[in-house]
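If you want this note's numbering, it's the position in the sequence shown, counting the first as 1, plus 2.
Heads up, the beta-carbon is just placed ideally off N, CA and C, and yes, glycines get one too.
On a predicted model such as this, the values are computed, not experimentally measured, just so you know.
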Amino acid sequence: MLKQRFSIRQVVEMTGLEESEIRFYEKAFGEFLQFTRMAGPDRDFTPDQIDILKRIKELTHKRGFGIEEVRRELKNISRSVPSLRGPGFPPAKTPDLARVIAVTSGKGGVGKTTVTVNLAVALAQRGKRVAIFDADLGLANVHILMGVRPRFNLMHVIQDGFSLSDALVEGPLGIKLISGGQGVRELANLTDEQRRNVLRQMDKLEREVDILLVDTGAGISENVLRFATFADEVIVVTTSNVAATVDAYSIIKILREMDPQGKIGLLCNMAKSMYHAKNVFNRLDTAARKYLDYALGDLGYIVEDEYVLTANQARKPLLLSFPHAPSARCILQVADTVLNAKVFKNAEKQSSFQDIMGALKRTLVGAAAL
Ligand SMILES: Nc1ncnc2c1ncn2[C@@H]1O[C@H](COP(=O)(O)OP(=O)(O)OP(=O)(O)O)[C@@H](O)[C@H]1O
Ligand SMILES: [Mg+2]
Numbered sequence: 003m004l005k006q007r008f009s010i011r012q013v014v015e016m017t018g019l020e021e022s023e024i025r026f027y028e029k030a031f032g033e034f035l036q037f038t039r040m041a042g043p044d045r046d047f048t049p050d051q052i053d054i055l056k057r058i059k060e061l062t063h064k065r066g067f068g069i070e071e072v073r074r075e076l077k078n079i080s081r082s083v084p085s086l087r088g089p090g091f092p093p094a095k096t097p098d099l100a101r102v103i104a105v106t107s108g109k110g111g112v113g114k115t116t117v118t119v120n121l122a123v124a125l126a127q128r129g130k131r132v133a134i135f136d137a138d139l140g141l142a143n144v145h146i147l148m149g150v151r152p153r154f155n156l157m158h159v160i161q162d163g164f165s166l167s168d169a170l171v172e173g174p175l176g177i178k179l180i181s182g183g184q185g186v187r188e189l190a191n192l193t194d195e196q197r198r199n200v201l202r203q204m205d206k207l208e209r210e211v212d213i214l215l216v217d218t219g220a221g222i223s224e225n226v227l228r229f230a231t232f233a234d235e236v237i238v239v240t241t242s243n244v245a246a247t248v249d250a251y252s253i254i255k256i257l258r259e260m261d262p263q264g265k266i267g268l269l270c271n272m273a274k275s276m277y278h279a280k281n282v283f284n285r286l287d288t289a290a291r292k293y294l295d296y297a298l299g300d301l302g303y304i305v306e307d308e309y310v311l312t313a314n315q316a317r318k319p320l321l322l323s324f325p326h327a328p329s330a331r332c333i334l335q336v337a338d339t340v341l342n343a344k345v346f347k348n349a350e351k352q353s354s355f356q357d358i359m360g361a362l363k364r365t366l367v368g369a370a371a372l
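This is how it looks when you write it as structure tokens:
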């Protein structure tokens, strides 16, 4: 007999979850939800799956369970309900959702924000619709390098009921910027209604851009790692400085441990020459292959030149102020590599804008629980 099936809209109504949350749970708990490979925007849900989603909601919303705790609980349940057992397939990422790329580093000041802003320009010049999420909570400065002034940030959306579009500023070439703002910590204390309001708006934005770049802070902090592991791909920026490469290795190691499915590319900034950059890549790649059993993506390098400083100081992206500078030409090359599916694109992982929001939420909830 055919079992009754429900559309995602119906599931939203029945569970009180946002579509984005459902997608997040599908990914996080795919093994319990037994999805088919046909997953996509039009997929449907069985009553069993809806029950599990309700259960997950109860555990996370009411009891404040973390992912691992929920997983343990679901394992217990699935033992007693045989129909819930089975390998299941995580849902395939639907093509209309943005590709999420985090830019991070071990050591600070190696050029993450410069890379994020100019990569965004390069990708926009290639016809991509790009958004940047400035997740460097506390030191958010993407807007400065882009030469825009966000009047509002995520905090205003959350606390004061502004819409996400109010907190979105458009920079050059239509690049959208969401500034996290320091008040993002407040997300920990959102009411259900406020949280849903933000997520609903994120859903919309995710369909409006092709690529979302996330500029994270530096170093091995919970915050940075959460954002990085929820992205499809991570760009680890380093310089040829020994301390920076050692820290880059540490972050790569941790990213591998936290997210074996993620794809990591290395970008050597402020390089003296291609030779120096290759050397840095080879050293790190050799170590990663040997100790982490992982081959890094080679995203190339950006030479050190004073045009970068001048452009940053003038608050106009390098690619627009000095498009022919040696450093600008390097960034164009990096953009091509990022778009080259063979080198960098992660075909396996299914993440989304909502995962980033999920990461943000859990970071904050985690921080609040400490
Ligand atoms: N290729 C380059 N050549 C010369 N200067 C550069 C280059 N890339 C970045 N810089 C300069 O290095 C400094 C740090 O850059 P940026 O702010 O982008 O780093 P960051 O990694 O985002 O720093 P933080 O960790 O503080 O967020 C800036 O003054 C920037 O102008
Ligand atoms: Mg920065």
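Determine, using beta carbons only, whether residue i comes closer than 8 Å to chain C.
{"i": "Thr288", "result": "The chain inventory of the structure shown lacks chain C, comprising one protein chain alone."}
Any idea which residues DSSP pairs residue i with across the strands?
{"i": "Lys59", "result": "Bridge partners of Lys59: none, in fact."}
{"i": "Ser181", "result": "Asp136"}
{"i": "Ser252", "result": "Answer is none; Ser252 lacks a bridge partner."}
{"i": "Glu71", "result": "Partner(s): none; Glu71 has no beta bridge."}
Can you tell me whether residue i is buried or exposed, with buried defined as 16 or more other CB within 10 angstroms of its CB?
{"i": "Leu141", "result": "exposed"}
{"i": "Tyr293", "result": "exposed"}
{"i": "Ala290", "result": "buried"}
{"i": "Val244", "result": "exposed"}
{"i": "Ser329", "result": "buried"}
{"i": "Arg25", "result": "buried"}
{"i": "Gly111", "result": "exposed"}
Taking the C-alpha atoms as reference points, what is the distance between residue i and residue j?
{"i": "Ala246", "j": "Asp53", "result": "48 Å"}
{"i": "Ala316", "j": "Cys332", "result": "20 Å"}
{"i": "Asp138", "j": "Thr118", "result": "12 Å"}
{"i": "Ala370", "j": "Pro319", "result": "Since pLDDT at Ala370 reaches only 41, below the 50 mark, its modelled position is unreliable, and no value is offered."}
{"i": "Glu70", "j": "Leu61", "result": "11 Å"}
{"i": "Pro93", "j": "Thr231", "result": "Low local confidence applies: a pLDDT of 40 at Pro93 is under 50, so the model's placement there is unreliable, with the coordinate-based value given in what follows. Cα to Cα, Pro93 sits roughly 18 Å from Thr231."}
{"i": "Arg101", "j": "Asp234", "result": "7 Å"}
{"i": "Phe135", "j": "Phe324", "result": "24 Å"}
{"i": "Val1", "j": "Gln263", "result": "The shown model of the chain, from 3 to 372, leaves out residue 1, and the question about it has no answer."}
{"i": "Glu15", "j": "Phe31", "result": "20 Å"}
{"i": "Glu172", "j": "Asp261", "result": "32 Å"}
{"i": "Ala279", "j": "Ile222", "result": "23 Å"}
{"i": "Gly88", "j": "Lys77", "result": "At Gly88 the pLDDT is 42, less than 50, meaning the model places this residue with poor confidence; the figure from the coordinates comes in the next sentence. Spanning the two alpha carbons is a distance of roughly 11 Å."}
{"i": "Thr240", "j": "Phe154", "result": "31 Å"}
Measure how close the beta-carbons of residue i and residue j come, nearest whole angstrom, since I'm counting them as under 8 Å.
{"i": "Arg151", "j": "His158", "result": "14 Å between Cβ atoms; not a contact."}
{"i": "Leu301", "j": "Arg128", "result": "Wrong, their Cβ atoms sit about 16 Å apart, outside the cutoff."}
{"i": "Lys130", "j": "Asp46", "result": "No, Lys130 and Asp46 are not in contact; Cβ-Cβ is about 32 Å, not under 8 Å."}
{"i": "Leu214", "j": "Ala133", "result": "5 Å"}
{"i": "Leu268", "j": "Leu286", "result": "6 Å"}
I want to check one thing, is the minimum distance from the CB of residue i to the heavy atoms of ligand 1 below 7 Å?
{"i": "Ala220", "result": "yes"}
{"i": "Lys77", "result": "no"}
{"i": "Gly173", "result": "no"}
{"i": "Asn120", "result": "no"}
{"i": "Gly267", "result": "no"}
{"i": "Lys114", "result": "yes"}
{"i": "Val211", "result": "no"}
{"i": "Asp138", "result": "yes"}
{"i": "Ala322", "result": "A quick correction: the sequence has Leu, not Ala, at residue 322. False, no ligand heavy atom lies under 7 Å from that Cβ."}
{"i": "Met272", "result": "yes"}
Residue i: beta carbon under 7 Å from a heavy atom of ligand 4?
{"i": "Ile304", "result": "Absent from the structure shown: ligand 4. Ligands present: ligand 1 and ligand 2."}
Please indicate yes or no: does the CB of residue i lie closer than 7 Å to some heavy atom of ligand 2?
{"i": "Asp2", "result": "Because residue 2 is not part of the residues shown, which for the chain are 3 to 372, the question remains open."}
{"i": "Lys59", "result": "no"}
{"i": "Asn143", "result": "yes"}
{"i": "Asp287", "result": "no"}
{"i": "Asp300", "result": "no"}
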